[in-house]
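Worksheet: the structure to be examined is printed underneath.
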Amino acid sequence: MNPWLLGTIALVGLGLPVAVWIGARGSATDRLVGLELGAVDATLALLAFSQAVEQPSYLIVPAVAVVLAFAGTLVYTRLLAHPS
Amino acid sequence: MSLVHAVAVTCFGAGVAVVVLTGLGALRVRRVEDRLHYLTPATSLGAPLVGLGLVIANGWGLTSAQIALICVLMVVTGPALTSAVLRVASQRAGTVSPEAPE
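Residue numbers (my numbering), protein chains in the order written: chain L, 1 to 84; chain C, 1 to 102.
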C-alpha cells in the first residue's frame, strides 16, 4: 500500500460518493454541480491510480476524461439553459 | 523516505484533502451558488497540488509533462464550467435574462 493508492482510495471512497449524492438529488443545476465535482474526483483518482500502479500509459485515460468532462458539462449547460 | 518523496507525498495528500473536503462542504450547503463556491478550490487548488506532488515524485520527463498538461487543463476549464453552471442556475431562477450575452 503506497500513498498514491491511499489517495486513490480516498478520492474514490469519499469524493465520488459525495459527488454522486449531490448529482442524484435536487434540481437540474444541483445535479450538474454533482457532475462537475464527480468529473474532478474521477480525473484526479485516475491520475493517482496511474502513479500507484506505476503505469504511465494509463495517463491517457484522465487526459481524455478532462477534455470530455469539460465538453460534456458544457453540453448539459446548453440543454438546461432554456427550460421548457 | 527521501526529502523529495516526502514533499511529493505532502503536496499530493494536501490536494486530495482539499478535493475531499470541498466535496463534503458542498454537500453541507443547499444553494447552487454556495455549492459552486465550494467546488472552485477543488479545481483551482486541489488539482494543482495533486499534480505538483505527482510531478515532484516522477521528476522531469514525459510522464510529468502529461500530468502537468492534465492539471493545467483542469485549472483552465474549471472556472469556465463554474461560470457556465452559475449562468444556467441564474437563468432558471429568473435573475438573468435568457437573452443575456453568453
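For glycine and all other residues, C-beta sits at the position ideal for the given N, C-alpha and C.
When you compare each of C:L69, C:L24 and C:H37 to L:V61 by their alpha carbons, which one comes out closest? Among C:L69, C:L24 and C:H37, the Cα nearest to that of L:V61 is on C:L69.
How do the region 7-17 of chain L and the region 7-20 of chain C stand: do at least 3 beta-carbon pairs fall below 8 Å, yes or no? Yes, they touch.
Chain L contact residues for C:L52, given Cβ-Cβ distances below 7 Å: Near C:L52 there are no residues of chain L at all, since even the closest Cβ is about 12 Å away, more than 7 Å.
Residues of the region 3-14 of chain L whose Cβ lies closer than 8 Å to any Cβ of chain C, in chain order: Per Cβ criterion, the list reads P3, W4, G7, A10, L11 and L14.
Against chain L, does C:G59 count as a neighbour if the rule is that its beta carbon must be under 8 Å from one of theirs? So, not an interface residue.
Would DSSP call C:S97 helix, strand or coil? Three-state result, C:S97: coil.
Could you work out which residue in L:V53, L:T77, L:L74 and L:T43 is closest to L:V64 when comparing CA atoms only? Among L:V53, L:T77, L:L74 and L:T43, the Cα nearest to that of L:V64 is on L:T43.
Flag C:A6 as yes if its beta-carbon sits less than 8 Å from any beta-carbon of chain L, otherwise no. No, C:A6 does not count as interfacial toward chain L.
Between L:G15 and C:V20, how many whole angstroms is the CB-CB distance? I'm expecting something under 8 Å. The Cβ separation is near 5 Å, so the contact holds.
Run through the region 5-59 of chain L for me and flag every whole alpha helix (DSSP H) of 4 or more residues, listed as ranges in chain order. Counting only runs of 4 or more, we get 16-23 and 28-52.
Take every Cβ of the region 20-34 of chain C, pair it with every Cβ of the region 67-83 of chain C, and state whether three or more of those distances are shorter than 8 Å. With the cut-off at 8 Å, the region 20-34 of chain C and the region 67-83 of chain C do not touch.
Leaving out five residues before and five after C:V7 in sequence, what residues of the same chain have Cβ atoms less than 7 Å from its Cβ? For C:V7, where only same-chain residues beyond five positions count, the Cβ hits under 7 Å are I56.
In whole angstroms, give me the CA-to-CA distance for C:G46 and L:S27. Each residue's Cα considered, the two are about 26 Å apart.
Alpha-carbon to alpha-carbon, L:W4 and L:G34: Roughly 24 Å between the two C-alpha positions.
Measure the Cβ-Cβ separation of L:L47 and L:A19 and say whether it is below 8 Å. Not in contact: L:L47 and L:A19 (Cβ atoms no closer than 8 Å).
Quick one: list the residues of chain C neighbouring L:Q55, beta-carbon separation under 8 Å, in chain order. Residues of chain C passing the Cβ test: none, with the nearest at roughly 10 Å.
Could you check the C-alpha separation between C:T40 and C:L24 for me, to the nearest Å? Going by the C-alpha atoms only, they are around 13 Å apart.
Have a look at C:A93 and L:T73 and give me their C-alpha separation to the nearest angstrom. In this structure, the alpha-carbon of C:A93 lies about 19 Å from that of L:T73.
C-beta atoms of C:A44 and C:V75 nearer than 8 Å: Note that residue 44 of chain C is Ser in the sequence shown, not Ala. Yes, they are a contact pair.
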